[in-house]
Amino acid sequence: MTLQEAQSFIKAVLAQQEINREVHGSNKEDDERKPIEWGVIAGEHMGHLLGALRSGNQQLIENEILHVAGPLLECWNAIKTSVKQVSEYKCTSCGEVFSLDESNNKCPLCESKLEKVKVPHISEFIQK
Numbered sequence: 000m001t002l003q004e005a006q007s008f009i010k011a012v013l014a015q016q017e018i019n020r021e022v023h024g025s026n027k028e029d030d031e032r033k034p035i036e037w038g039v040i041a042g043e044h045m046g047h048l049l050g051a052l053r054s055g056n057q058q059l060i061e062n063e064i065l066h067v068a069g070p071l072l073e074c075w076n077a078i079k080t081s082v083k084q085v086s087e088y089k090c091t092s093c094g095e096v097f098s099l100d101e102s103n104n105k106c107p108l109c110e111s112k113l114e115k116v117k118v119p120h121i122s123e124f125i126q127k
């Protein structure tokens with residue numbers, strides 16, 4: 000893919016994003032959607048894309064790719080701009096666990112040291 004082709008695709012995705020907001024939603028509501036909502040919308044359109052691929056209709060395939068990419072772009076934007084990243088921290092003294100959206104090194108209760116709780120990797124849940 001050339002840079003020009005990539006730019007053409009991005010322009011088409013941005014246009015689809017704008018059309019989706021005008022036809023299916025509102026800017027205020029869409030700005031407040033959580034990433035999971037955008038992911039579900041993209042997933043719904045993925046089914047349509049698979050149907051288009053099975054049909055072999057080039058124009059339909061291109062349209063459905065944009066219908067998947069638009070919500071994915073919204074999902075990306077929601078993650079990057081409007082959703083605070085929350086991490087779990089555990090107090091080394093009292094053992095309390097806190098969900099915080101910014102790093103903190105002192106327990107709000109006893110002011111002891113906080114350690115970030117390690118989230119298990121998915122491989123730890125998969126049987127070998």
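Quick note on numbering that gives the first Met the number 0: the sequence shown kicks off at 0 and runs consecutively.
C-beta atoms are modelled at their ideal positions from N, C-alpha and C, and glycine is treated no differently.
Beta-carbon proximity list for residue i, same chain, < 6 Å, skipping 5 on both sides
| i | result |
| --- | --- |
| P70 | W37, I40, A41 |
Cutoff 7 Å; reference residue i; Cβ partners in own chain excluding five residues on either side
| i | result |
| --- | --- |
| H44 | E63, H66, V67, P70 |
| K127 | In this predicted model, K127 has a pLDDT of only 48, less than 50, meaning its place in the structure is not dependable; the value taken from the coordinates is given anyway. Excluding positions up to five away in sequence, the list is empty. |
Endpoints, the alpha helix (DSSP H) within which residue i is located
| i | result |
| --- | --- |
| E17 | 2-23 |
Residue i at chain D interface by Cβ criterion, 9 Å
| i | result |
| --- | --- |
| S86 | Absent from the structure is chain D; it holds one protein chain and no more. |
Presumed contact (8 Å Cβ cut-off) between residue i and residue j, rounded CB distance
| i | j | result |
| --- | --- | --- |
| C93 | L113 | In fact, because the Cβ distance is near 10 Å, the residues do not count as touching under 8 Å. |
| L99 | V85 | 7 Å |
Residue i, enclosing beta strand (DSSP E) - first and last residue
| i | result |
| --- | --- |
| V96 | 96-99 |
Residue i and residue j closer than 9 Å at C-beta
| i | j | result |
| --- | --- | --- |
| F97 | E87 | yes |
| E61 | Q16 | no |
From the options, residue whose alpha carbon lies closest to that of residue i
| i | options | result |
| --- | --- | --- |
| L108 | Q58, G55, E95, Q57 | E95 |
| K79 | L52, H47, K33 | K33 |
Chain-order list of residues whose beta-carbon lies under 8 Å from that of residue i (same chain, five-residue window excluded)
| i | result |
| --- | --- |
| A51 | L59, I60, N62, E63 |
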